[in-house]
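Protein sequences, first through last, are from chains A and B.
The number in this note's numbering is simply the position in the first sequence, starting from 1, with 1460 added.
The number in this note's numbering is simply the position in the second sequence, starting from 1, with 1460 added.
All residues carry an ideal CB built from backbone N, CA and C; glycine is no exception.
Take a look at the structure set out below.
Protein chains: 2
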Amino acid sequence: MDFSLTTLGTASARPTTGRYPSAHSLTVGGRLFLIDCGEGAQMLLAKYKLPFSRIDNIFISHLHGDHVFGLYGLLSTMDMVGRASALHIYAPGDIESMVDTFYREFGKVRYEIVIHKVKCSEPLLLESFKNLEVYAFPLRHRVETYGYLFKEKERVIKPNIENYIPFKPRAFAYCTDTAPFPQLAGWIKGADLIYHEATYASDLKALSRTTAHSTSEDAARVAVEAGAQKLVLGHFSSRYKNLDLLLQEARNIFAETYLAEEGMKFDVPKIRVNQIK
Amino acid sequence: MDFSLTTLGTASARPTTGRYPSAHSLTVGGRLFLIDCGEGAQMLLAKYKLPFSRIDNIFISHLHGDHVFGLYGLLSTMDMVGRASALHIYAPGDIESMVDTFYREFGKVRYEIVIHKVKCSEPLLLESFKNLEVYAFPLRHRVETYGYLFKEKERVIKPNIENYIPFKPRAFAYCTDTAPFPQLAGWIKGADLIYHEATYASDLKALSRTTAHSTSEDAARVAVEAGAQKLVLGHFSSRYKNLDLLLQEARNIFAETYLAEEGMKFDVPKIRVNQIK
């Protein structure tokens, strides 16, 4: 079963040429989970051949514009292409009001939109899908913000398969936008793949604290403490035309760090429990 | 003085790979007039080096999502980059409510947004700038929709310049979304450049009538009757991967027809009145 993250939008609040606002797609088997929906998300999904029809669930970290301004366009286009099945949106804050406004200003869509309001002060099981559980956990930002942990379920092994060595369930953690805080790494412990914001390099650590963001070093420390296999950095400040410094500073702490780019795919491979290093 | 149209978004309601929702920039001298603001407009402006700082006026044809869903992102980013001067938005329908929602959900910006509600049943002088007049005129669509005519002012010639041959004032007409109707060509008579929607080829003429859109032939007839120099087609249905048929059908009626593409610039040259053919 495929388990992979495609980074669609890697900019922070101000997009740049080539860097779009936050949007990500997690593919688990045939399902696509859209995580944040910045402006342009529907165009990026189309560009990278991620069909809208496989999206039944959208997870929104917080209601800052650069994480949600693509929602209205996507909801409209889903209607236009004849969507019939319900769409679930998981989000904090006043997401109902945002969707109500959409209905009021632009007309009702013909499919059902089910709002799941996210609210928790520590990790909470949000939804249990066939092969996957999704947890929300609070982040530290200027408005109410949540990260999401996507965890494969343990397979139930049929007793007639002898010597079967099970696969390790895979997990992906999404952490943006946030200042660093002590509990985070523990909450996502064992995640194979972590997407963590890295708005700034270490030279702007002070600014990262006043704006409630992270440096790439902060992100790398989370990856180390959580015991991750791979770290993907994103949500880059528009001031960095070249991201080498952010990457290098993170790799000095956690070697398996990569920079997100629009359309880049990060696979989490299946490994058997006896192959875990 | 530069007088040119840059087409930024050429899709109709459903964007495709490479075709964005409606957005256009008219450059007149140093000013940029943004006409419609579909999703992705701010990224396209940045990509094609059209600075936000030169936009003081945005003209919206109508409040269908594919013409306005880029507005929230652009308004936010303008604030983020420190805009101080007032921004004027000309639009029909309940644009106030859309902007109020933006304030309520995403916080007030630090510059002034001045709403100019467009409402007229025949051409109306909307605004007189230093070198330019802008007229609104009603179109025929499923919701209240206006086209815009941008007309250079006649220069006042100083009497001490002997044998001065004045330049013909230039004009650009923006016509989308609309079904064809008899008065349109007369209202934009003499426009050098016309942007006209061509959602469909002639095979879907019946559909164009039920959806209140135009075929490329309809657009070409307007250009002929208005005596235009050049016609730019846009707002293409996503069903046309190749637009040759739309172009050919229009050129059979009006030879100087061109297909809009993202980032394409159409100059309206300055010509002296004695050079008019």
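With 16 as the cutoff for other CB atoms within 10 Å, does residue 1599/B come out buried or exposed? Buried is the label assigned to residue 1599/B, since at least 16 other Cβ atoms lie within 10 Å of its Cβ.
Counting C-beta neighbours from all protein chains within 10 Å, is the total for residue 1652/A 16 or more, i.e. buried, or is it exposed? Residue 1652/A is buried by the Cβ-count criterion.
Would you tell me roughly how many angstroms separate the C-alpha atoms of residue 1496/B and residue 1527/B, rounded to the nearest one? When rounded, the distance between both Cα atoms is 5 Å.
Taking one C-beta from the region 1727 to 1736 of chain A and one from the region 1623 to 1631 of chain A each time, how about it: are there three or more such pairs within less than 8 Å? Using a Cβ-Cβ distance cut-off of 8 Å, the region 1727 to 1736 of chain A and the region 1623 to 1631 of chain A are in contact, since at least three pairs of beta carbons, one from each stretch, lie closer than that value.
Residue 1737/A versus residue 1725/A - alpha carbon distance: Between residue 1737/A and residue 1725/A, the C-alpha separation is close to 23 Å.
Smallest Cα separation from residue 1472/B: which of 1727/B, 1721/B and 1548/B? Per the Cα distances, 1721/B.
Where does residue 1745/B land, buried or exposed, given buried means 16+ other C-beta within 10 angstroms? The requested residue 1745/B is not part of the displayed model; chain B covers only 1461 to 1737.
N- and C-terminal bounds of the alpha helix (DSSP H) containing residue 1466/B: Annotation for residue 1466/B: no alpha helix (DSSP H) segment contains it, though the beta strand (DSSP E) segment containing it runs 1463 to 1469.
Just the chain D side, please: which residues come within less than 8 Å of residue 1565/A by C-beta, in chain order? Absent here is chain D; the protein component of the structure consists of chains A and B.
Which residues does DSSP list as the beta-bridge partners of residue 1727/A? Its beta-bridge partners are 1464/A.
Please classify residue 1708/A: is it buried, with 16 or more other beta-carbons within 10 angstroms of its beta-carbon, or exposed? So residue 1708/A counts as exposed.
Of the residues 1536/B, 1569/B, 1568/B and 1557/B, the one placed nearest residue 1564/A, counting alpha carbons only: Residue 1557/B is the option with its Cα nearest to residue 1564/A.
Closest by CA to residue 1675/A, which one among 1606/A, 1554/A and 1637/A? For the residues 1606/A, 1554/A and 1637/A, the minimum Cα distance to residue 1675/A belongs to 1637/A.
Spell out a yes or no on whether the region 1571 to 1581 of chain A and the region 1544 to 1562 of chain A are touching, meaning 3 or more CB-CB pairs, one atom from each, closer than 8 Å. Yes, the region 1571 to 1581 of chain A is in contact with the region 1544 to 1562 of chain A.
Alpha carbon to alpha carbon, what distance is there between residue 1655/B and residue 1640/B? Taken atom to atom, the span from the alpha-carbon of residue 1640/B to that of residue 1655/B is near 14 Å.
With a threshold of 16 other CB atoms inside 10 Å of the CB of residue 1503/A, please say whether the residue is buried or exposed. Buried: at least 16 other Cβ atoms inside 10 Å.
Contacts of residue 1541/A in chain B (Cβ-Cβ under 8 Å): Here the neighbours are 1474.
By Cβ distance below 6 Å, which residues in the same chain neighbour residue 1603/B in space, the five residues on each side in sequence not counted? 1522, listed in sequence order.
Where do the ends of the beta strand (DSSP E) carrying residue 1547/B lie? From DSSP, the beta strand (DSSP E) with residue 1547/B extends over 1547 to 1551.
3-residue-minimum beta strand (DSSP E) runs that sit fully inside the region 1470 to 1518 of chain A, ordered along the chain: List check, beta strand (DSSP E) in window: 1483 to 1488 and 1491 to 1497.
Starting from the beta carbon of residue 1480/B, find every residue of chain A whose beta carbon is closer than 8 Å, and list them in chain order. Those are 1503, listed as they occur along chain A.
Tell me, which residues are paired with residue 1607/A by DSSP? According to DSSP, which records beta bridges pairwise, residue 1607/A is partnered with 1597/A.
Along the chain, where does the beta strand (DSSP E) that runs through residue 1631/B open and close? In the DSSP annotation of this structure, the continuous segment of the beta strand (DSSP E) that includes residue 1631/B starts and ends at 1631 to 1635.
Run through chain A and tell me which residues come within less than 7 Å of residue 1507/B, C-beta to C-beta. Correct list: 1477.
Buried or exposed by the 16-neighbour rule on C-beta atoms within 10 Å, applied to residue 1621/A: The residue in question, residue 1621/A, is exposed, as its Cβ has fewer than 16 Cβ neighbours within 10 Å.
Can you tell me where the alpha helix (DSSP H) with residue 1700/A in it begins and where it stops? Run containing residue 1700/A: none; DSSP gives neither H nor E here.
Where the beta strand (DSSP E) containing residue 1657/B begins and where it ends: Here the beta strand (DSSP E) through residue 1657/B covers 1653 to 1657.
Against chain B, does residue 1533/A count as a neighbour if the rule is that its beta carbon must be under 7 Å from one of theirs? Chain B places a beta carbon closer than 7 Å to that of residue 1533/A, counting this residue as a contact.
Go ahead and label residue 1611/A buried or exposed: buried means 16 or more other beta carbons lie within 10 angstroms of its beta carbon, across all protein chains shown. Residue 1611/A counts as buried, since at least 16 other C-beta atoms from the protein chains shown sit within 10 angstroms of its C-beta.
Assigned exposure category for residue 1530/B - 16 Cβ within 10 Å defines buried: So residue 1530/B counts as buried.
Residue 1618/A burial status per 10 Å Cβ neighbour count (16 or more: buried): Burial call: exposed.
On the three-state DSSP scale, how would you describe residue 1669/A? Here residue 1669/A sits in helix by DSSP.
List, in order along the chain, the chain B residues whose C-beta lies closer than 7 Å to that of residue 1529/A? Here the neighbours are 1532 and 1533.
Just verifying my parser: in three-state terms, what is the DSSP assignment at residue 1589/A? DSSP places residue 1589/A in coil when its eight states are reduced to three.
Along the chain, where does the beta strand (DSSP E) containing residue 1559/B start, and where does it finish? Run containing residue 1559/B: none in the beta strand (DSSP E); it sits in the alpha helix (DSSP H), 1555 to 1566.
Got a sec: which bits of the region 1565 to 1580 of chain B sit with their beta carbon under 7 Å from any beta carbon on chain A, in order along the chain? Under the 7 Å Cβ criterion, the region 1565 to 1580 of chain B contributes 1565 and 1566.
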